[in-house]
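Count along the sequence shown from 1, add 278, and you get the number used in the working numbering. For each residue, glycine too, the CB sits at the ideal point set by N, CA and C. Since we're looking at a predicted model, the values are computed, not measured. Notes to accompany the following structure.
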Amino acid sequence: MPQESNKKTLAIIQARMNSSRLPGKVLMPINGRPMLDYMIKRVSSASEIDDFVIATSIESSDNPVEEYCIENNVNVFRGNLDDVLDRFYQASKSIEAEIIIRLTGDCPLVDPKILNTMVGIFKKNNYDYIANTAPPEGITFPEGMDVEIFSKAALEKAWKEAKKPSEREHVTFYFWKNPELFSTFRHDLKEDLSNYRLTVDYPEDFELVRHIIEKFSDQLDHADLKQILKFLEDNPELSDLNKNIESFSGWTTSLEQDKEKGYLK
Numbered sequence: 279m280p281q282e283s284n285k286k287t288l289a290i291i292q293a294r295m296n297s298s299r300l301p302g303k304v305l306m307p308i309n310g311r312p313m314l315d316y317m318i319k320r321v322s323s324a325s326e327i328d329d330f331v332i333a334t335s336i337e338s339s340d341n342p343v344e345e346y347c348i349e350n351n352v353n354v355f356r357g358n359l360d361d362v363l364d365r366f367y368q369a370s371k372s373i374e375a376e377i378i379i380r381l382t383g384d385c386p387l388v389d390p391k392i393l394n395t396m397v398g399i400f401k402k403n404n405y406d407y408i409a410n411t412a413p414p415e416g417i418t419f420p421e422g423m424d425v426e427i428f429s430k431a432a433l434e435k436a437w438k439e440a441k442k443p444s445e446r447e448h449v450t451f452y453f454w455k456n457p458e459l460f461s462t463f464r465h466d467l468k469e470d471l472s473n474y475r476l477t478v479d480y481p482e483d484f485e486l487v488r489h490i491i492e493k494f495s496d497q498l499d500h501a502d503l504k505q506i507l508k509f510l511e512d513n514p515e516l517s518d519l520n521k522n523i524e525s526f527s528g529w530t531t532s533l534e535q536d537k538e539k540g541y542l543k
């Protein structure tokens with residue numbers, strides 16, 4: 279039976295201000311704190327994570343992200359806006375670690391317990407890449423609980439080999455779209471909870487997340503997925519706020535760019 283390793287684990291949170299659907303969302307205030315601040319506190323409470331860094335772009339529009347990080351003593355790395363795979367790879371070199379977790383700043387409610395569980399799974403096995411919302415077909419986790427974990431070696435391989443626009447923009451496409459090249463695993467729940475949407479892409483998403491954050495207030499850092507969903511079950515009108523939004527809609531444009539540039543696979 280594989281033994282759990284002591285390899286250092288680094289969480290990289292990608293965050294930018296120029297979202298086309300909800301500009302500036304990562305720093306939008308809730309109860310006087312930026313949305314990103316709530317995510318950082320939740321990620322920091324995961325015992326299996328040794329360090330983390332915010333990966334933003336070198337564009338001037340992302341200066342406020344860097345300023346927030348500096349003011350709050352948070353590690354920050356600035357890299358390519360569109361080639362997010364390169365940004366991740368370069369950010370991973372800024373803080374030495376063998377295990378990399380990919381998180382996105384539009385998932386402020388990501389569960390520390392899920393993070394710990396998945397890091398444990400990764401450490402006890404010889405996977406190159408594991409996730410809970412990719413590939414998207416048949417997922418059981420709500421979008422917004424997205425966790426992806428991969429080895430530094432796998433990240434370097436993807437960075438060197440990935441060519442399609444979608445693979446450069448979405449960081450992990452190269453892993454789960456080329457399963458013959460990597461050892462992959464998807465972590466699923468026994469119950470399908472994918473009908474809930476806890477990510478922030480649109481104003482309706484932000485309103486839902488704002489209600490959740492305000493509900494749990496000072497206890498938010500440790501509120502788990504079960505507690506959050508119980509609150510939504512008791513208040514179904516909140517889930518109705520974003521129920522008609524299509525999940526993973528941001529991938530469509532990238533895949534269309536692949537076709538335009540002749541990448542038909």
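query: At which residues does the alpha helix (DSSP H) containing residue 444 begin and terminate?
result: One-based indexing of the sequence shown puts residue 444 at position 166. Looking at the DSSP string, the run of the alpha helix (DSSP H) that includes residue 444 is 443 to 447.
message: Excluding the 5 residues flanking residue 474 on each side, which residues of the same chain have their C-beta closer than 7 Å to its C-beta?
response: Position 196 of the sequence shown, counted from the first residue, corresponds to residue 474. Counting only Cβ-Cβ distances below 7 Å, and skipping sequence neighbours, we find 420, 507, 510, 517.
- request: Following the continuous beta strand (DSSP E) through residue 429, name the residue where it begins and the one where it ends.
  value: The residue you call residue 429 lines up with position 151 of the sequence shown. Note, residue 429: beta strand (DSSP E), 426 to 429.
- request: Give the range of the beta strand (DSSP E) segment to which residue 462 is assigned.
  value: Counting from one through the sequence shown, the residue named residue 462 turns up at place 184. Counting along the chain, the unbroken beta strand (DSSP E) around residue 462 starts and ends at 462 to 464.
- request: Return yes when the Cβ of residue 450 is within less than 8 Å of the Cβ of residue 412, no when it is not.
  value: Mapped onto the sequence shown, residue 412 falls at position 134. Mapped onto the sequence shown, residue 450 falls at position 172. Inclusion of residue 412 and residue 450 in the CB contact set at 8 Å is warranted, their separation being smaller than that value.
query: Which one of 394, 423, 378, 369 has the shortest CA to CA distance from residue 386?
result: Residue 386 sits at position 108 when you count from the first residue of the sequence shown. That would be 423, whose Cα lies nearest to the Cα of residue 386.
query: In whole angstroms, what separates the C-alpha of residue 525 from that of residue 382?
result: Counting from 1 along the sequence shown, the entry for residue 525 is found at position 247. Counting from 1 along the sequence shown, the entry for residue 382 is found at position 104. Residue 525 and residue 382 have their alpha carbons spaced roughly 15 Å apart.
- prompt: Would the stretch 490 to 499 and the stretch 310 to 329 be scored as touching if the rule is three or more Cβ pairs under 8 Å?
  reply: Output reads yes: the stretch 310 to 329 touches the stretch 490 to 499.
- prompt: CA-CA distance, residue 370 and residue 361?
  reply: Taking the first residue of the sequence shown as 1, we reach residue 370 at position 92. Taking the first residue of the sequence shown as 1, we reach residue 361 at position 83. So the alpha carbons of these two residues sit roughly 14 Å apart.
Rounded straight-line distance, which links the Cα of residue 407 to that of residue 366: Sequence index remark: in the sequence shown, residue 366 carries index 88 (1-based). Sequence index remark: in the sequence shown, residue 407 carries index 129 (1-based). Each residue's alpha carbon lies about 15 Å from the other.
- prompt: Is residue 437 near the ligand NAP, going by C-beta to nearest heavy atom under 7 Å?
  reply: For the structure depicted, the ligand NAP is absent and the ligand set is empty, with no information on it obtainable.
- prompt: How big is the Cα-Cα spacing for residue 356 and residue 289?
  reply: As a position in the sequence shown, residue 356 is number 78, starting the count at 1. As a position in the sequence shown, residue 289 is number 11, starting the count at 1. So the two alpha carbons sit approximately 15 Å from each other.
query: What number of angstroms, rounded off, separates the C-alpha of residue 285 from the C-alpha of residue 329?
result: Taking the first residue of the sequence shown as 1, we reach residue 285 at position 7. Taking the first residue of the sequence shown as 1, we reach residue 329 at position 51. For residue 285 and residue 329, the gap between their C-alpha atoms comes out near 12 Å.
- request: Specify the secondary structure class of residue 533 as computed by DSSP and reduced to three states.
  value: Sequence index remark: in the sequence shown, residue 533 carries index 255 (1-based). Residue confidence for residue 533 is low, a pLDDT of 45 falling below 50, so the modelled location carries little weight; the figure read from the coordinates is stated next. Residue state, collapsed to three classes: helix.
query: Could you give the C-beta distance for residue 332 and residue 343, rounded to a whole number, given that I count them as a contact under 8 Å?
result: Start at 1 with the first residue of the sequence shown, and residue 332 comes out as number 54. Start at 1 with the first residue of the sequence shown, and residue 343 comes out as number 65. That belief holds up - the Cβ atoms of residue 332 and residue 343 are roughly 7 Å apart, short of 8 Å.
Three-state secondary structure assigned by DSSP to residue 357: Taking the first residue of the sequence shown as 1, we reach residue 357 at position 79. If DSSP states are grouped into helix, strand and coil, residue 357 belongs with the strands.
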